[in-house]
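Quick notes on the structure that follows.
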Amino acid sequence: MGGEQGAVTALAAVATAPDGPFEFQEVEVLPPRADEVRVRIAAAGICHTDVAVKEQSVQLPLPMVLGHEGAGVVEAVGSAVRHLRVGDPVVLAGDSCGECRRCHAGLPFYCDEFVERNLTGFRVDGSSPLSCEGAPLRGRFVGQSSFATQVVATARSAIKVPADLPLELLGPLGCGLTTGVGTVLNALKPPAGSSIAVFGAGTVGLAAVMGARLAGCARIICVDVRPARLAMAEAVGATDTVNAAEEDATEAILDRVPGGVDFSAECSGVAEAVTAAVHCLGRPGWCAQVGATPAGTQVPLDMDHVGFGRGIRGVVMGDANTQTFVPYLAALFRDGRLPYDRFVRFYDFDAIDQAVHDSAVTGEVIKPILRMPAA
Ligand SMILES: [Zn+2]
Ligand SMILES: [Zn+2]
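The number in this note's numbering is simply the position in the sequence shown, starting from 1, with 873 added.
This is the structure we're talking about:
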């Protein structure tokens, strides 16, 4: 497979500054190297992390092409790629080396080279598959930079998905859904009949609610401050909801489950929610910290709530091995057991700023997905 394809041009939405819109630029996409593939992006979800980097509350270097929930079709494969062919539909996820101890253990998001491969915007050797007007442009965000019509990613980042599912819906399986469902099924592993509190009813929190339902949790309490999002949480499996703008979350949860819940998943990144997610635990109880808190956040914990077998652990990307977990999620979606399409809204690629506004500013949309223009 493979062979010598030349560079192609693509349209990319470049994040250049915290204020001001994304800048649409024509970029040059270099041919894939031996271990890489070029993917024509069909659609890309917008995740909170994209917005955080654009706005620089997470300070990664700009300009950079963001986007890390890409879905598309393989158009060119490098000479060493075995598991993908031209024409395969794929979802893109973060990159990893495949050779370190954590990669061998099936935990690619704890890879020794995670930062270099996903957060610098460049390959580990400092090069980029993208350039603009002759200058290299950061084009490897979370292994992909999928706010573009074409990307070059490592084959490890590209996960083949079933051709009979609507490809434009599948990108969020690579981050938001993996993170939420994986945190419950892979990290917390609640036994059937147990109780869990989920903080934050965005994509990740709602995915955690759906994961808890899949695990057979008897009580699934979702906490948020927006009534519409709490209603969605009930629609996808929450047994109880708490509006933290109206009542104290810890007290409300202890009211509903006397003695405290067996598990919690903190998906909001709000400091007060981290405290509540630990204080609402029963004995024993585990909290998974998933939401990205702003840099330097300090959280007060009453140590009376940490003794007796309770604790908090940070979880990245749901402790998932995406090459196997994303196809599993796709199968769940096909069966109607992961109905995240209920909280998706599609936007044309050139409406990216509107999509960010509707999800990150007003919160009216939970998961915006950008549809890329046809070639
Ligand atoms: Zn994400
Ligand atoms: Zn590794």
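Backbone N, C-alpha and C fix where the C-beta goes; we use that ideal spot for every residue, glycine too. Just so it is clear, the structure is predicted and the values come from calculations on it, not from any experiment.
- Taken atom to atom, the span from the alpha-carbon of R1183 to that of G1084 is near 21 Å.
- DSSP places F987 inside the alpha helix (DSSP H), whose first and last residues are 987–991.
- Chain order is used for the residues whose beta-carbon lies nearer than 5 Å to a heavy atom of ligand 1, namely C920, T922, C1048.
- Taking every residue with its beta carbon within less than 7 Å of a heavy atom belonging to ligand 2 gives, in chain order, S969, C970, G971, E972, C973, R975, C976, P981, C984, D985, E986.
- Here A1031 carries a strand assignment [DSSP, helix/strand/coil].
- Counting only the Cα atoms, M1245 lies some 14 Å from T882.
- Per DSSP, the unbroken beta strand (DSSP E) holding P962 starts and ends at 962–965.
- With contacts defined by Cβ atoms closer than 7 Å, V1151 and C1140 do not form a contacting pair.
- With at least 16 other beta carbons inside 10 angstroms of its own, V1147 counts as buried.
- Rounded to the nearest whole angstrom, the C-alpha separation of F1072 and P1100 is 14 Å.
- Apart from sequence neighbours up to five positions away, the residues of its chain that approach A1065 with a beta-carbon distance below 6 Å are G1089, ordered along the chain.
- In this structure I1032 does not touch T1235 by the C-beta definition: roughly 32 Å separates them, more than the 8 Å allowed.
- When the alpha-carbon of N1059 is set against those of A915, F1020, C973, G979, the nearest one is in G979.
- Look at the region 1196–1237 and you find these whole runs of beta strand (DSSP E), each 3 residues long or longer: 1217–1221.
- For V912, the enclosing beta strand (DSSP E) covers residues 909–918.
- Taking C-beta separations shorter than 6 Å and ignoring five residues to either side along the sequence, the partners of C984 in its chain run S969, C970, C973, R975, C976, following chain order.
- With the rule of 3 Cβ pairs closer than 8 Å, the region 1097–1113 counts as touching the region 1207–1221.
- Setting aside the 5 residues that flank it on each side, L935 is surrounded in the same chain by A888, T889, A890, each with a C-beta closer than 7 Å to its C-beta; the list follows chain order.
- Rounded to the nearest whole angstrom, the C-alpha separation of G1133 and A966 is 35 Å.
- Judged by beta-carbon spacing, V1163 lies within the 7 Å limit of V1188, meaning their Cβ atoms are closer than that value.
- A direct Cα-to-Cα measurement between I1093 and A1204 gives close to 23 Å.
- Annotated three-state conformation of I1126 is helix, per DSSP.
- Of the other Cβ atoms in all chains shown, 16 or more fall within 10 Å of the Cβ of F982; this residue is therefore buried.
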